[in-house]
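There are 2 protein chains.
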Amino acid sequence: MYKACTQGDLDYIKSIVAEPLNVYWKEEISEDYSHDELGGISNYPDILVKVTTTEEISQIVKYAYEHTIAVVARGSGTGLVGASVPLHNGIMLDTTSMNKIIELDEENLTLTVEPGVMLMEIGKYVEEKNFFYPPDPGEKSATIGGNISTNAGGMRAVKYGVTRDYVRALEVVLPNGDIAEFGGKVVKNSSGYSLKDLIIGSEGTLGIITKATLKLLPLPKFSISLLIPFEDIDGAIEAVPQIIKSRVIPTAIEFMQREVILSSEEFLGKTFPDSSSEAYLLLTFDGNTREQVEHDYAIVADLCIDLGALDAYIVDTEERMESVWSARGAFLEAIHASTDEMDECDVVVPRHRIADFIKYTKELQEEYSIRIPSFGHAGDGNLHIYICRDGLDQETWDKKLKEIFDKMYKRADEYGGMVSGEHGIGYAKKEYLFDQLCDNNINIMKGIKQVFDPKNILNPGKVCQ
Amino acid sequence: MYKACTQGDLDYIKSIVAEPLNVYWKEEISEDYSHDELGGISNYPDILVKVTTTEEISQIVKYAYEHTIAVVARGSGTGLVGASVPLHNGIMLDTTSMNKIIELDEENLTLTVEPGVMLMEIGKYVEEKNFFYPPDPGEKSATIGGNISTNAGGMRAVKYGVTRDYVRALEVVLPNGDIAEFGGKVVKNSSGYSLKDLIIGSEGTLGIITKATLKLLPLPKFSISLLIPFEDIDGAIEAVPQIIKSRVIPTAIEFMQREVILSSEEFLGKTFPDSSSEAYLLLTFDGNTREQVEHDYAIVADLCIDLGALDAYIVDTEERMESVWSARGAFLEAIHASTDEMDECDVVVPRHRIADFIKYTKELQEEYSIRIPSFGHAGDGNLHIYICRDGLDQETWDKKLKEIFDKMYKRADEYGGMVSGEHGIGYAKKEYLFDQLCDNNINIMKGIKQVFDPKNILNPGKVCQ
């Protein structure tokens with residue numbers, strides 16, 4: 001079905017790129033490129049190219065299209081669903097060398113970047129100039145190309161929305177190798193079907209993002225966090241819809257449990273400000289006047305105390321901020337380090353069902369005698385639930401994992417939730433997407449893939465295939 | 001190509017709807033249904049159905065699909081690009097009777113509505129309960145179904161974005177008559193291609209919206225407007241990118257010229273607070289504390305004075321608010337009433353090119369000796385430019401209009417703008433969309449239309465066809 005790459009293909013690609021040393025052949029390719037952060041699925045590309053320009057990508061893809069060679073784009077490889085694993089070998093395009101910030105446009109409040117710029121670099125660059133790129137996924141070493149490809153969400157989605165809300169324009173290499181522009185440096189757009197919004201979240205299956213123009217905001221002048229301990233997870237989570245109803249919109253509402261905090265303390269070798277309670281909400285408030293921020297957090301602190309919170313710690317010094325948020329940022333790695341293997345469920349449910357869903361994961365934990373720590377974005381209904389292998393033999397692990405996943409995704413569906421809030425479908429969650437969506441929906445997605453990519457060369461076997 | 005409707009089709013449709021009196025046949029159909037607010041293009045449907053339920057729509061569309069009858073959905077008919085004109089006769093579905101507000105969900109901050117609810121009803125309903133639906137298109141009698149179909153923008157886009165940003169989920173009848181759900185009552189979603197975002201702005205060509213779940217915000221507690229007179233339009237418009245650079249984000253930044261204000265005063269028989277200057281910016285600021293709102297408008301007022309503004313009037317009484325914003329709301333109708341025929345250009349350009357674009361329309365006004373009043377959303381680069389016929393004979397009018405449009409859209413393209421900011425493409429602007437977009441882009445749109453609607457029965461001849 002796909003042509004396997006030959007020495008001739010390698011020679012051709014070396015002849016068209018600016019720097020032939022950026023092209024790697026089979027055994028020269030590092031193991032890293034055979035997988036992302038998802039365990040259990042890996043495969044090597046035949047050829048790896050560390051691409052440096054849009055034109056290079058365009059020429060390589062055109063060649064691959066003519067010869068029916070599979071092509072997969074890869075950023076930092078921090079994905080959690082196997083989206084960048086080259087299932088059909090072929091050519092992998094590593095975009096991390098395309099890491100230039102092209103333009104900050106202060107009159108239009110936009111930032112134009114190459115796809116390989118890391119999220120942490122964007123944050124640093126714009127905040128030094130008092131601008132703000134609101135999307136805030138936990139993995140700061142992810143590339144912006146990867147973030148756009150999964151429509152990454154992150155912690156500030158409660159107030160500011162997700163990556164989709166901050167992409168004004170994309171330059172994309174289509175599967176036939178042509179370069180297309182979708183969207184523009186404009187605030188409004190009603191000019192035909194929104195192809196830009198199709199590319200966002202399409203996990204590299206419809207085109208390769210080679211440039212992105214992002215919407216910025218002015219940096220809010222004040223930001224304060226609140227850490228609120230509760231007696232148990234139910235109390236913490238059940239406070240969330242009440243906070244939303246209070247008409248105050250925090251920037252972030254994260255929930256965390258003691259066991260995850262302890263893992264993180266151990267992993268980082270740092271102490272969390274408080275770990276004596278069973279469950280916590282961590283909230284942030286931002287704004288342009290201190291009065292407004294103080295007003296907002298006071299309302300929420302009082303409300304939480306009324307609802308049974310044990311206290312409300314203000315996190316306003318740089319030291320405390322660092323201690324709390326670095327712990328929050330390390331949760332995934334800490335859980336990862338606490339077990340031999342894990343898999344993750346990234347469902348999103350309507351906010352008022354989060355408590356029920358977490359309770360259900362606790363029931364499954366008991367039923368299957370398996371550790372299921374979780375944390376996540378309580379304010380936007382997006383949960384990160386980890387099933388930990390903890391030394392189980394392969395057969396038991398596979399069986400338990402499948403049964404637990406089946407039950408969780410079924411329950412999320414019953415609650416009006418979706419399969420993925422922000423990590424995408426990739427390879428690992430396709431089955432659950434197929435289970436959830438009706439045939440029309442899946443067939444339209446397959447049809448769209450066919451329209452963009454009639455020879456199915458771009459990241460085949462992912463999302464809806 | 002399409003089957004003309006027969007008595008048999010009429011009888012069948014009458015037999016499946018709840019109320020046969022809601023079905024109209026040819027000569028019984030009011031002239032209103034043959035056009036929208038765009039002049040120069042009209043055609044009648046064979047059958048008009050005032051639909052009342054999703055199931056009714058589903059059954060009618062299924063029948064039309066089987067028999068290859070064209071189907072067009074219509075809301076209030078306030079469109080400006082002929083999108084709801086039934087070019088191929090067939091069946092028209094009037095959704096204005098599906099006007100129920102289904103659910104306000106305070107825990108998830110969502111409002112679920114039928115497609116025929118008018119924008120003014122949504123505003124009234126949610127604001128009474130201290131919630132806020134930010135999109136604010138000028139035409140308040142438009143239906144939400146129409147707003148979603150054109151991705152309507154409106155005045156508050158500077159701060160709050162456009163309709164797309166406030167649609168969480170859609171129920172849609174597909175061209176085969178099946179009912180599908182896109183999106184969900186969730187804040188984040190990375191579960192396959194965003195079909196919801198394809199439907200938004202697709203002007204009734206991919207599916208018929210039968211239910212929408214909208215995102216709400218808490219209603220800001222304070223809102224104040226500023227009316228800022230300038231000596232000329234250049235001074236007014238050139239202040240806009242400077243305002244944006246000041247790191248204050250007004251809710252709205254509208255520009256208006258004396259001639260349009262005078263038309264509006266005459267049309268409404270009401271006096272505008274000031275009409276002695278050539279050009280004005282009208283700004284709104286909102287927030288949850290008076291201090292913040294006052295802080296913001298003071299910065300902008302001072303900045304504008306520094307940039308040469310003649311004054312800065314605070315519009316904070318209910319009376320003044322009403323006088324200013326009712327005038328602003330009447331601009332389109334006032335220009336409409338001032339001439340025998342007009343056509344409109346709804347381009348959007350990057351904010352820093354608005355001044356240049358307005359200057360260019362003034363040049364065209366001179367060059368073609370034709371009146372070209374304009375007003376619009378200076379803060380988001382979306383201009384509404386009206387070419388007024390003022391009694392020209394048909395041939396001269398057609399010629400001048402075409403030449404002026406050709407030049408304007410070409411210039412907008414050179415400035416990195418798009419054909420439509422918020423009114424859509426419909427029938428009238430297709431040529432300019434084709435001119436602007438590359439072949440790949442247009443072919444993908446055509447392909448997507450084919451995937452959704454292989455028999456091309458839904459609103460044929462629009463957007464990309």
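Heads up: the protein sequence lines correspond to chains A and B, in order.
FYI, the numbering for the first sequence is 1 to 465, going by the UniProt record's numbering.
FYI, the numbering for the second sequence is 1 to 465, going by the UniProt record's numbering.
All residues carry an ideal CB built from backbone N, CA and C; glycine is no exception.
No experiment lies behind these values; they were computed from the predicted model shown.
So the alpha helix (DSSP H) Y427 (chain A) belongs to, where does it begin and stop?
For the purposes of this step, residue 427 (chain A) is identified with residue 427 of the first sequence, where counting begins at 1. Segment: none, Y427 (chain A) is in no alpha helix (DSSP H) and carries neither H nor E.
Checking contacts by CB at 7 angstroms: is E291 (chain B) closer than that to chain A?
Counting from 1 along the second sequence, the entry for residue 291 (chain B) is found at position 291. True, the Cβ-Cβ gap to chain A drops below 7 angstroms.
Closer than 8 angstroms, Cβ to any Cβ of chain B: which residues of the stretch 130-162 of chain A, in chain order?
N130, T150, N151, A152, G153, A157, V158, G161 and V162
What residues from chain B crowd round V126 (chain A), counting only those whose CB sits closer than 9 angstroms?
Your numbering for residue 126 (chain A) matches position 126 in the first sequence. Result: empty, since nearest Cβ-Cβ is about 12 angstroms, beyond 9 angstroms.
Please confirm if the stretch 438-456 of chain A is in contact with the stretch 205-222 of chain A, defined as three or more CB-CB distances below 8 angstroms between the two stretches.
yes
List the residues of chain B whose Cβ lies closer than 9 angstroms to the Cβ of G421 (chain A), in chain order.
The sequence position of residue 421 (chain A) within the first sequence is 421, counting from 1. Simply V186, V187, K188, N189, S190 and S191.
Helix, strand or coil: how does DSSP classify Q465 (chain A) here?
For the purposes of this step, residue 465 (chain A) is taken as the residue at position 465 of the first sequence. Coil.
Residue of A:I244, A:T52, A:Q59 and A:S42 minimising C-alpha distance to G82 (chain A):
As a working note, residue 82 (chain A) is residue 82 in the first sequence. Looking at the Cα atoms, A:S42 is the closest of the given residues.
Strand pairing of A279 (chain A), partner residues [DSSP]:
What you label residue 279 (chain A) is simply residue 279 of the first sequence in a count that begins at 1. DSSP lists A:F230 and A:Q257 as partners of A279 (chain A).
Of all the alpha helix (DSSP H) runs that stay within the bounds of the stretch 18-105 of chain B, which reach a length of 4 or more residues?
54-67
Can you say whether Y394 (chain A) is buried or exposed, counting buried as having 16 or more other CB atoms within 10 angstroms of its CB?
Here residue 394 (chain A) is taken as the residue at index 394 of the first sequence, counted from 1. Note that residue 394 (chain A) is Gln in the sequence shown, not Tyr. When all chains shown are included, Q394 (chain A) counts as exposed.
Endpoints, the alpha helix (DSSP H) within which N108 (chain A) is located
Here residue 108 (chain A) corresponds to residue number 108 of the first sequence, with the count starting at 1. No alpha helix (DSSP H) holds N108 (chain A); DSSP gives it neither H nor E.
Assuming G138 (chain A) is part of the beta strand (DSSP E), what are its boundary residues?
The residue labelled residue 138 (chain A) in the question sits at position 138 within the first sequence. That residue, G138 (chain A), is in no beta strand (DSSP E); it is neither H nor E in DSSP.
Among residues of its own chain, excluding the 5 on either side of N176 (chain A), which ones have a beta-carbon nearer than 8 angstroms to its beta-carbon?
Residue mapping note: residue 176 (chain A) aligns to position 176 of the first sequence, counting from 1. Excluding sequence neighbours, N176 (chain A) sits near V61, K62 and Y65.
Inspect the CB distances between the stretch 416-424 of chain B and the stretch 172-186 of chain A and report whether three or more fall short of 8 angstroms.
yes
Test: V51 (chain A) CB closer than 7 angstroms to a CB of chain B:
In the first sequence, residue 51 (chain A) corresponds to position 51, counting from 1. It does not: the Cβ of V51 (chain A) has no partner Cβ on chain B nearer than 7 angstroms.
Cβ atoms of W25 (chain B) and L38 (chain B): under 7 angstroms apart, would you say?
Stepping through the second sequence from its first residue, residue 38 (chain B) is reached at position 38. Stepping through the second sequence from its first residue, residue 25 (chain B) is reached at position 25. Their beta carbons are not under 7 angstroms apart, which means L38 (chain B) does not touch W25 (chain B) by this criterion.
Please state whether the Cβ-Cβ distance between S190 (chain A) and N147 (chain B) is less than 7 angstroms.
Locating residue 190 (chain A) in the first sequence gives position 190, where the first residue counts as 1. Locating residue 147 (chain B) in the second sequence gives position 147, where the first residue counts as 1. No; because the gap between Cβ atoms is not below 7 angstroms, this pair is not in contact.
Which residue comes first and which comes last in the alpha helix (DSSP H) that contains H336 (chain B)?
Numbered from its first residue, the second sequence carries residue 336 (chain B) at position 336. H336 (chain B) -> alpha helix (DSSP H) spans E318 to A337.
Rounded straight-line distance, which links the Cα of G376 (chain A) to that of T284 (chain A)
Translated into positions along the first sequence, residue 284 (chain A) becomes position 284. Translated into positions along the first sequence, residue 376 (chain A) becomes position 376. Looking at the two C-alpha atoms, the distance is approximately 14 angstroms.
If we call anything under 7 angstroms between Cβ atoms a contact, is E114 (chain B) one with K129 (chain B)?
Indexing the second sequence from 1 puts residue 114 (chain B) at position 114. Indexing the second sequence from 1 puts residue 129 (chain B) at position 129. For the pair E114 (chain B) and K129 (chain B), the CB atoms are not nearer than the 7 angstroms cut-off.
What ranges does the alpha helix (DSSP H) occupy inside the stretch 133-221 of chain A, keeping only unbroken runs of at least 4 residues that lie completely in it?
144-149, 157-160 and 195-199
Check each residue of the stretch 371-384 of chain A: if its Cβ is closer than 9 angstroms to any Cβ of chain B, include it; give the result in chain order.
H377, G379, D380, G381 and N382
Three or more C-beta pairs below 8 angstroms linking the stretch 342-350 of chain A and the stretch 269-286 of chain A:
no
Could you tell me the alpha carbon to alpha carbon distance between A334 (chain A) and Y427 (chain B), rounded to whole angstroms?
Walking along the first sequence from the start, residue 334 (chain A) turns up at place 334. Walking along the second sequence from the start, residue 427 (chain B) turns up at place 427. So the two alpha carbons sit approximately 57 angstroms from each other.
Short check: CB of A312 (chain A) to CB of D234 (chain A), under 7 angstroms?
Residue numbering aside, residue 312 (chain A) sits at position 312 when the first sequence is read from its first letter. Residue numbering aside, residue 234 (chain A) sits at position 234 when the first sequence is read from its first letter. No, they are not a contact pair.
Is it right to say L21 (chain A) is buried, meaning 16 or more other beta carbons lie within 10 angstroms of its own, or is it exposed?
Position 21 of the first sequence, counted from the first residue, corresponds to residue 21 (chain A). Under this definition L21 (chain A) is an exposed residue.
L80 (chain B) versus V349 (chain B): straight-line alpha-carbon distance, rounded:
Locating residue 80 (chain B) in the second sequence gives position 80, where the first residue counts as 1. Locating residue 349 (chain B) in the second sequence gives position 349, where the first residue counts as 1. Here the alpha carbon of L80 (chain B) sits roughly 19 angstroms from the alpha carbon of V349 (chain B).
How would you call S277 (chain B), buried or exposed, if buried means at least 16 neighbouring beta carbons within 10 angstroms?
Residue numbering aside, residue 277 (chain B) sits at position 277 when the second sequence is read from its first letter. When all chains shown are included, S277 (chain B) counts as buried.
Within chain B, partners of N441 (chain A) - CB distance below 7 angstroms
If you number the first sequence from 1, residue 441 (chain A) lands on position 441. Chain B residues near N441 (chain A): A180 and L195.
Does the beta-carbon distance from P135 (chain B) to Y166 (chain B) come in below 7 angstroms?
For the purposes of this step, residue 135 (chain B) is identified with residue 135 of the second sequence, where counting begins at 1. For the purposes of this step, residue 166 (chain B) is identified with residue 166 of the second sequence, where counting begins at 1. A Cβ-Cβ contact shorter than 7 angstroms links P135 (chain B) with Y166 (chain B).
Answer yes if the stretch 89-105 of chain A comes into contact with the stretch 153-172 of chain A, meaning at least three C-beta pairs across the two stretches below 8 angstroms, and no otherwise.
Contact fails: fewer than three Cβ-Cβ distances are below 8 angstroms.
Would you mind stating whether G145 (chain B) and T95 (chain B) have Cβ atoms separated by less than 7 angstroms?
Stepping through the second sequence from its first residue, residue 145 (chain B) is reached at position 145. Stepping through the second sequence from its first residue, residue 95 (chain B) is reached at position 95. It is a contact, given that the beta carbons lie within the stated cut-off.
Beta strand (DSSP E) segment containing N382 (chain A), residue limits:
The sequence position of residue 382 (chain A) within the first sequence is 382, counting from 1. Segment N382 to C388, the beta strand (DSSP E) holding N382 (chain A).
Chain B residues whose Cβ lies nearer than 8 angstroms to that of C464 (chain A)
In the first sequence, residue 464 (chain A) corresponds to position 464, counting from 1. Per Cβ cutoff of 8 angstroms: G192 and Y193.
Counting only Cβ pairs nearer than 7 angstroms, list the residues of chain A close to V451 (chain B).
Residue numbering aside, residue 451 (chain B) sits at position 451 when the second sequence is read from its first letter. Result: I444, G447, I448 and V451.
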